[in-house]
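Student: Take this structure, written in structure tokens, and hold onto it; I'll ask about it next.
So this is what it looks like as structure tokens:
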């Protein structure tokens, strides 16, 4: 009799608990909060917390957040991912946002069977390696073979250039991959790549390369790298009186680009995931809210992180019990998710199929130029 | 003709880089001269100089000549502090302890200064206190930054030369470098001379840090690592312990870096610098200008 009573009591407590307080689910974020691309990490953290906040009002679960800093360093990122998966036991995590960190971290996600949705790592190697799909890894952005093609096609068709130079970081999969795609597409379109030069991660003196490029007189220079390096290179190109047009990639999207390059980069183009001038309702609501909260126009990293976090959170609400495997299976069926950066569906590799935009750097920030559909 | 102009331009680029390496290499070589120590923290003192200059220029708008003076004083003070705290207690310890301590000091400076509350681990845009003007001289483009680098480096070298070869302090430095015990017996204040040498060497690194910031306007706490290693190679190449050796070594390393990028491949560049180090160590371990007897 006493036992039954206790059992009933226990059940009633459990029952009432589930009514009163929601079950807590932990979601992680890996982002470069410090280091060479810290503006990426700052945007990402702001947007991640905003997404969790927005979900909180209507969602089925209470969300616990764990944020780790990867410093845009593969080792730091891997350690952070191990901490999230083994110590904090997160259900899933967002990030890392650069390919060079996301590639090793995707191995941790795979080994520990924890789903990850990277917001901006565009290298193909993040989700597929040696032809093998990493089932727990997804991304909210397009991939570099597409991005490189967009840049090369824009150069040929819209800028109408015939000669180009390519400068890339030889130790970075992202930069190297984009450089190779650009070169092959540009040459296939009857353009000629007159200089194809690499540098290393810690380089700051580009005088030899800029002088070389000055000699070759290309109409356009393609620099697929993050804003800090691209800014430094562009500055030195202009100081060497190289007047060629410039095109970059999504790594350029940072308020610090203009700080580092000054006015020398004004007029340069870059491919990106979204433009803050987007007009649709989801984007407008996000941009307005972000501006109110952080006093700045959200860049693509903020928009993508918001989407990546929302993909996880909304999928979480659709499954019966919150388990990593269940989440992974449901994520792989994601279709027509209405995000800030557009409609997102995952293909068989967990990559988002989305259009890209081309932006132009103006004195006060990037301006929308055109959209390219996949 | 075009090739000639190209070569001239690349030579100027190489000399610009080499001048900064030379300034850093001087510190390595002078400290080695008096202490027989490779001060691995030297590259980080160079970084410290760049940060001090950044704060002076960006936060406090200090006029340029004062930036040089204060930065040199700050790096010299840090050099003295490092010497007093880390190296002096080990004066009679085995050489290997001193070397490992130097590596420790280097790592300490990098990671301590990278704390969020100090210099932060971020990449910071270095503001130039003047606009860049490019002069197109026909075959080559010369910027006012390059002119400043050559002028400041040249002036520093002349002053250093006068200091080492024309003053009492310089004579004491050379005496300590030649034979510490005998110098002490002759009434030279050895500890004072070592401290003085540290101060002068690290002040040179401070100048190097400012010029580096002007030329490549982005700084971070790990910026001293590669220039430090390359300047060390420059010092070894010129014959470690020799002032003119360090200068020429720095110029040679700067020029070879640029020429490899210019005529071979930018990817091979750093590899080649280290091959130079290996070849020098194998063929002429005392460096281009070193006398063989000095090594023994």
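Protein chains in written order, with our numbering: chain A, -18 to 355; chain B, 3 to 298. A virtual CB, placed ideally from N, CA and C, is assigned to each residue, including glycine. Owing to the predicted nature of the structure, the values given are computational and were not obtained by experimental measurement.
Could you compute how far the alpha carbon of residue 128 of chain B sits from the alpha carbon of residue 255 of chain B?
Tutor: Here residue 128 of chain B refers to the residue found at position 126 when the second chain is read from its first residue. Here residue 255 of chain B refers to the residue found at position 253 when the second chain is read from its first residue. Near 25 Å, if we compare the C-alpha coordinates of residue 255 of chain B and residue 128 of chain B.
Student: Return no unless some Cβ of chain B is closer than 8 Å to the Cβ of residue 253 of chain A.
Tutor: Mapped onto the first chain, residue 253 of chain A falls at position 272. Output row for residue 253 of chain A: interface = no.
Student: Residue 267 of chain A to residue 261 of chain A, Cα distance in whole Å?
Tutor: Taking the first chain and counting its residues from 1, the one referred to as residue 267 of chain A is at position 286. Taking the first chain and counting its residues from 1, the one referred to as residue 261 of chain A is at position 280. Going by the C-alpha atoms only, they are around 10 Å apart.
Student: Looking at the strands, I want to know which residues DSSP matches up with residue 9 of chain A.
Tutor: Within the first chain, the letter at position 28 stands for residue 9 of chain A. Note: residue 9 of chain A sits in a beta bridge opposite A:47, A:74.
Student: Can you pull out the residues from the segment 115 to 146 of chain B whose beta carbon lies closer than 8 Å to at least one beta carbon of chain A?
Tutor: Residues passing the 8 Å Cβ filter: 118, 122, 123, 124, 125, 127, 134, 136, 138, 143, 145.
Student: If you draw a straight line from the C-alpha of residue 16 of chain B to the C-alpha of residue 134 of chain A, how long is it?
Tutor: Within the second chain, the letter at position 14 stands for residue 16 of chain B. Within the first chain, the letter at position 153 stands for residue 134 of chain A. Cα to Cα, residue 16 of chain B sits roughly 36 Å from residue 134 of chain A.
Student: Excluding five sequence neighbours on each side, which residues of the same chain lie with their C-beta closer than 8 Å to the C-beta of residue 46 of chain A?
Tutor: For this step, residue 46 of chain A is matched to residue 65 along the first chain. Within the same chain, residue 46 of chain A has close Cβ partners 7, 8, 9, 10, 29, 30, 33.
Student: Which residue's Cα is closest to the Cα of residue 236 of chain A: A:282, A:274, A:337?
Tutor: Taking the first chain and counting its residues from 1, the one referred to as residue 236 of chain A is at position 255. When only C-alpha atoms are compared, the closest one is A:282.
Student: So with CB distances below 9 Å, who are the chain A contacts of residue 100 of chain B?
Tutor: Start at 1 with the first residue of the second chain, and residue 100 of chain B comes out as number 98. Per Cβ cutoff of 9 Å: no residues; residue 100 of chain B is ~27 Å from chain A at best.
Student: State buried or exposed for residue 114 of chain B, treating a residue as buried only when at least 16 other CB atoms are found within 10 Å of its CB.
Tutor: Stepping through the second chain from its first residue, residue 114 of chain B is reached at position 112. Residue 114 of chain B comes out exposed.
Student: Who are the neighbours of residue 108 of chain B on chain A, taking C-beta pairs under 7 Å?
Tutor: The residue labelled residue 108 of chain B in the question sits at position 106 within the second chain. Those do not exist, as residue 108 of chain B stays about 16 Å from chain A at its closest Cβ, beyond 7 Å.
Student: If you draw a straight line from the alpha carbon of residue 282 of chain B to that of residue 238 of chain B, how long is it in whole angstroms?
Tutor: Residue numbering aside, residue 282 of chain B sits at position 280 when the second chain is read from its first letter. Residue numbering aside, residue 238 of chain B sits at position 236 when the second chain is read from its first letter. Each residue's Cα considered, the two are about 8 Å apart.
Student: Please identify the residue among A:2, A:178, A:13 whose C-alpha is closest to the C-alpha of residue 286 of chain A.
Tutor: The residue labelled residue 286 of chain A in the question sits at position 305 within the first chain. The shortest Cα separation from residue 286 of chain A among A:2, A:178, A:13 belongs to A:13.
Student: Looking at the C-beta of residue 19 of chain B, does it have a partner C-beta in chain A at a distance below 8 Å?
Tutor: In the second chain, residue 19 of chain B corresponds to position 17, counting from 1. Interface residue, yes.
Student: Give the straight-line distance between the Cα atoms of residue 108 of chain B and residue 99 of chain A, rounded to the nearest whole angstrom.
Tutor: As a working mapping, residue 108 of chain B is identified with position 106 in the second chain. As a working mapping, residue 99 of chain A is identified with position 118 in the first chain. Distance between the alpha carbons of residue 108 of chain B and residue 99 of chain A is about 35 Å.
Student: Check residue 127 of chain A in the structure and name its three-state DSSP category.
Tutor: Here residue 127 of chain A refers to the residue found at position 146 of the first chain. Correct three-state label for residue 127 of chain A: helix.
Student: Just the C-alpha distance for residue 309 of chain A and residue 341 of chain A, rounded to the nearest angstrom, thanks.
Tutor: Numbered from its first residue, the first chain carries residue 309 of chain A at position 328. Numbered from its first residue, the first chain carries residue 341 of chain A at position 360. Rounded to whole angstroms, residue 309 of chain A to residue 341 of chain A spans 37 Å at the Cα level.
Student: Using Cβ-Cβ distances below 9 Å, what residues of the segment -1 to 26 of chain A are close to chain B?
Tutor: For the segment -1 to 26 of chain A, which is checked against every Cβ of chain B, the residues closer than 9 Å are 15, 16, 17, 18, 19.
Student: Which residues, in chain order, does the segment 243 to 268 of chain B contribute to contact with chain A at a C-beta distance below 7 Å?
Tutor: So the list reads 260, 263, 264, 268, given in the order they occur along the chain.
Student: Nearest chain B C-beta to residue 215 of chain A closer than 8 Å, yes or no?
Tutor: Working through the first chain from its first residue, we reach residue 215 of chain A at position 234. Chain B, which has no Cβ nearer than 8 Å to the Cβ of residue 215 of chain A, makes this no.
Student: Tell me which same chain residues have a C-beta within less than 7 Å of the C-beta of residue 0 of chain A, skipping the five on either side of it?
Tutor: Translated into positions along the first chain, residue 0 of chain A becomes position 19. Residue confidence is low: residue 0 of chain A scores 49 on pLDDT, short of 50, so the model does not pin down where it sits. Its coordinate-derived value is still stated next. Excluding sequence neighbours, residue 0 of chain A sits near nothing in its chain.
Student: Are the C-beta atoms of residue 185 of chain A and some chain B residue less than 8 Å apart?
Tutor: Counting from one through the first chain, the residue named residue 185 of chain A turns up at place 204. So yes, residue 185 of chain A belongs to the interface.
Student: Closest to residue 125 of chain A by C-alpha separation, out of A:202, A:275, A:108, would be which residue?
Tutor: In the first chain, residue 125 of chain A corresponds to position 144, counting from 1. The residue with the shortest Cα to Cα distance from residue 125 of chain A is A:108.
Student: Rounded to the nearest angstrom, what separates residue 37 of chain B and residue 218 of chain B at their Cα positions?
Tutor: Here the question's residue 37 of chain B lines up with position 35 in the second chain. Here the question's residue 218 of chain B lines up with position 216 in the second chain. Roughly 32 Å between the two C-alpha positions.
Student: When the Cα atoms are used, what is the spatial distance from residue 256 of chain A to residue 103 of chain A?
Tutor: Residue mapping note: residue 256 of chain A aligns to position 275 of the first chain, counting from 1. Residue mapping note: residue 103 of chain A aligns to position 122 of the first chain, counting from 1. When rounded, the distance between both Cα atoms is 17 Å.
Student: If we count Cβ pairs, one from each stretch, closer than 8 Å, do we get three or more for the segment 257 to 273 of chain B versus the segment 171 to 187 of chain A?
Tutor: Contact between the segment 257 to 273 of chain B and the segment 171 to 187 of chain A is present, because at least three Cβ pairs lie under 8 Å.
Student: Is the Cβ of residue 49 of chain B closer than 8 Å to any Cβ of chain A?
Tutor: As a working note, residue 49 of chain B is residue 47 in the second chain. Residue 49 of chain B does not count as touching chain A.
Student: Could you tell me the alpha carbon to alpha carbon distance between residue 215 of chain A and residue 242 of chain A, rounded to whole angstroms?
Tutor: Along the first chain, read from residue 1 onward, the residue named residue 215 of chain A stands at position 234. Along the first chain, read from residue 1 onward, the residue named residue 242 of chain A stands at position 261. Near 7 Å, if we compare the C-alpha coordinates of residue 242 of chain A and residue 215 of chain A.
Student: Quick one: list the residues of chain B neighbouring residue 241 of chain A, beta-carbon separation under 7 Å, in chain order.
Tutor: For this step, residue 241 of chain A is matched to residue 260 along the first chain. Near residue 241 of chain A (Cβ distances below 7 Å), the residues of chain B are 127, 220.
Student: Below 7 Å on C-beta distance, what does residue 52 of chain A contact in chain B?
Tutor: Locating residue 52 of chain A in the first chain gives position 71, counting from the first residue. In chain order: 123.
Student: So, with DSSP's three-state summary, where would you put residue 238 of chain A?
Tutor: By one-based count along the first chain, residue 238 of chain A stands at place 257. Helix, per DSSP.
Student: Please name the residue in B:179, B:160, B:262, B:22 whose C-alpha comes closest to that of residue 195 of chain B.
Tutor: Against the second chain, residue 195 of chain B aligns to sequence position 193. For the residues B:179, B:160, B:262, B:22, the minimum Cα distance to residue 195 of chain B belongs to B:179.
Student: Would you mind telling me which residues of chain A sit closer than 7 Å to residue 272 of chain B, beta carbon to beta carbon, in chain order?
Tutor: For the purposes of this step, residue 272 of chain B is identified with residue 270 of the second chain, where counting begins at 1. The answer, in chain order, is 181.
Student: Closest Cβ-Cβ distance between residue 192 of chain A and chain B: below 8 Å?
Tutor: Here residue 192 of chain A is taken as the residue at index 211 of the first chain, counted from 1. Yes - at least one Cβ of chain B is within 8 Å of the one on residue 192 of chain A.
Student: Is any beta-carbon of chain A found at less than 8 Å from that of residue 298 of chain B?
Tutor: The residue labelled residue 298 of chain B in the question sits at position 296 within the second chain. Here the model assigns residue 298 of chain B a pLDDT of 29, short of 50, so the residue's position is not dependable and the matter cannot be decided.
Student: If residue 305 of chain A sits next to residue 95 of chain A, beta carbons under 8 Å apart, how far is it from one beta carbon to the other, in whole angstroms?
Tutor: As a working mapping, residue 305 of chain A is identified with position 324 in the first chain. As a working mapping, residue 95 of chain A is identified with position 114 in the first chain. Their Cβ separation, rounded to whole angstroms, is 5 Å, which keeps residue 305 of chain A and residue 95 of chain A in contact under 8 Å.
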